[in-house]
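Asker: Have a look at this one.
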Amino acid sequence: MLSSFTNLSRVGVPRLIITRSIFFRDKKSEYLPPEPFKSSVPPHIEKQQQKALDEYKANEDPSLKCYVNISDPIPSLDMYQTTKRGLQVLLWTDMLKGVMIALGWLLREPTTINYPFEKGPLSPRFRGEHALRRYTSGEERCIACKLCEVICPAQESVYGIELL
């Protein structure tokens with residue numbers, strides 16, 4: 163709860179002397195600051211403070227004279243909202259949603275392959291291994307996989323299969 167001094171000082175009543183039941187301004191002091199302009203307080207705060215001051219003046223309970231409450235009252239929940247909130251807390255709907263997501267991922271078909279027994283699709287340009295083939299005559303020939311053509315920055319290594 164906010165104290166009444168801070169709330170009333172925003173309205174424009176400086177130098178309040180706070181006692182349990184009486185608020186008064188010390189007008190005898192020469193060093194009082196001037197009253198703030200009324201326009202320096204935003205209108206929505208001014209309305210709330212005026213409402214709180216009116217309620218404070220109307221209230222005669224001595225235990226409530228130490229503070230002024232300018233906040234809006236807490237809205238009461240109807241039976242539907244209370245039941246909905248209770249079910250959310252008791253049934254742990256968030257936990258159930260998390261378990262359902264985890265089970266969905268667990269039961270999903272895997273995207274990986276069983277490598278030694280299954281193999282993925284090969285490129286149509288792949289012709290075995292990526293290397294030069296050595297023949298018994300000592301000659302080395304390209305296997306024409308055309309990987310050198312792909313990685314060449316100058317695009318100069320263009321050849322056909324007939325070169326083999």
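If you want my numbering, it's the 1-based position in the sequence shown plus 162.
We put the beta carbon where it would ideally sit given N, CA and C, even for glycine.
#1: Go ahead and pull the three-state DSSP assignment for residue 258.
#2: Could you tell me which residues DSSP pairs with residue 302 in its beta bridges?
#3: Could you check the C-alpha separation between residue 310 and residue 284 for me, to the nearest Å?
#4: How is the alpha helix (DSSP H) around residue 284 delimited, first residue to last?
#5: Give the DSSP-derived three-state secondary structure of residue 275 in the structure shown.
#6: Going by alpha carbons, who is nearest to residue 217 out of 204, 206 and 232?
#7: Specify the secondary structure class of residue 239 as computed by DSSP and reduced to three states.
#8: Quick one: Cα of residue 210 to Cα of residue 234, how far?
Answerer: Based on what the coordinates show:
#1: Residue mapping note: residue 258 aligns to position 96 of the sequence shown, counting from 1. In this structure, DSSP gives residue 258 a helical state, which the three-state scheme calls helix.
#2: Against the sequence shown, residue 302 aligns to sequence position 140. Residue 302 is bridged by DSSP to 296.
#3: Taking the first residue of the sequence shown as 1, we reach residue 310 at position 148. Taking the first residue of the sequence shown as 1, we reach residue 284 at position 122. Roughly 18 Å between the two C-alpha positions.
#4: Against the sequence shown, residue 284 aligns to sequence position 122. That residue, residue 284, is in no alpha helix (DSSP H); it is neither H nor E in DSSP.
#5: Counting from 1 along the sequence shown, the entry for residue 275 is found at position 113. Note: residue 275 maps to coil in three-state DSSP.
#6: Your numbering for residue 217 matches position 55 in the sequence shown. Per the Cα distances, 232.
#7: Position 77 of the sequence shown, counted from the first residue, corresponds to residue 239. Here residue 239 sits in coil by DSSP.
#8: Locating residue 210 in the sequence shown gives position 48, where the first residue counts as 1. Locating residue 234 in the sequence shown gives position 72, where the first residue counts as 1. When rounded, the distance between both Cα atoms is 9 Å.
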